């Protein structure tokens, strides 16, 4: 979590409980996949807890630190665009909505592939800034060699950001499953709050909101059983 190591590990514990309860309620394979989502968020929060602990000890180069940093960045940038859009695609019964979700899923794969390339092609670090963790990978900074080059880089990053947002937010509003919009709304609000008020720690803060949103997954799973699997 974006506040401290203890907060990260506490969040991991809460999300693990939500994930286990959701799994116990799931009755179909696609629902099992969706229900396990809080457990993945729990793992991501635990990884950030490791980042906190190592950075507080002045360690930014050890294997443990790198596992925490790269693990967190993998979930944030690569895993979620594919997993979330894919799960909602598998869950959807409405044919028209399912086609739209498949398109979003492809967009998620493209965005995740580009982010994965950035993740493996460059070295990444994390720093503590104003009681939050700042991951420079998420920062839009450019070397000003020419206005044309800056505009080109900015345009590419803008396209990538939009593709990412489409993959992790839009599916929850396309889905016909009751309660999905709640997860999408919290995630969207989290993006705005993180971008406006916590720009330096954007990735960490937004992932906190994403983790918070997944608590609603238990409600969605229970409601899905009641409305789709009666009898």
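In the working numbering, the protein residues as written are 114 to 344. Glycine included, C-beta positions come from ideal geometry on N, C-alpha and C. Keep in mind it's a predicted model, so treat the numbers as computed, not measured.
Listed in chain order, the alpha helix (DSSP H) runs fully inside the stretch 207-243 are 208-234, counting runs of at least 4 residues.
The stretch 152-167 and the stretch 122-137 touch, with no fewer than 3 CB-CB distances between them shorter than 8 Å. Cβ-Cβ distances below 8 Å link residue 134 to 331 in the same chain, with the five nearest sequence neighbours on each side left out; the list follows chain order. The C-beta separation of residue 217 from residue 242 comes to about 33 Å, leaving the pair out of contact by the 8 Å criterion.
Contact annotation: residue 248 and residue 192 have beta-carbon atoms that are not nearer than 9 Å. Straight through space, the alpha carbons of residue 210 and residue 168 are spaced by roughly 44 Å. Here residue 284 is not near residue 203, since their CB atoms are 9 Å or more apart. Taking C-beta separations shorter than 6 Å and ignoring five residues to either side along the sequence, the partners of residue 307 in its chain run 315, 318 and 319, following chain order.
Inclusion of residue 122 and residue 159 in the CB contact set at 9 Å is warranted, their separation being smaller than that value. Beta-bridge analysis with DSSP links residue 245 to 242. Rounded to whole angstroms, the separation of the alpha carbons of residue 269 and residue 178 is 30 Å. Per DSSP, the unbroken alpha helix (DSSP H) holding residue 161 starts and ends at 150-169. Taking 9 Å as the cut-off, the beta carbon of residue 292 is found no closer than this to the beta carbon of residue 326. Each of 238, 246, 206 and 194 was checked against the Cα of residue 226, and the nearest Cα belongs to 194.
In this structure, residue 277 lies near residue 190, with their beta-carbon atoms less than 9 Å apart. Of the residues 206, 300 and 219, the one whose Cα lies closest to the Cα of residue 341 is 206. If you look at residue 300, you'll find it in the alpha helix (DSSP H) that goes 293-310.
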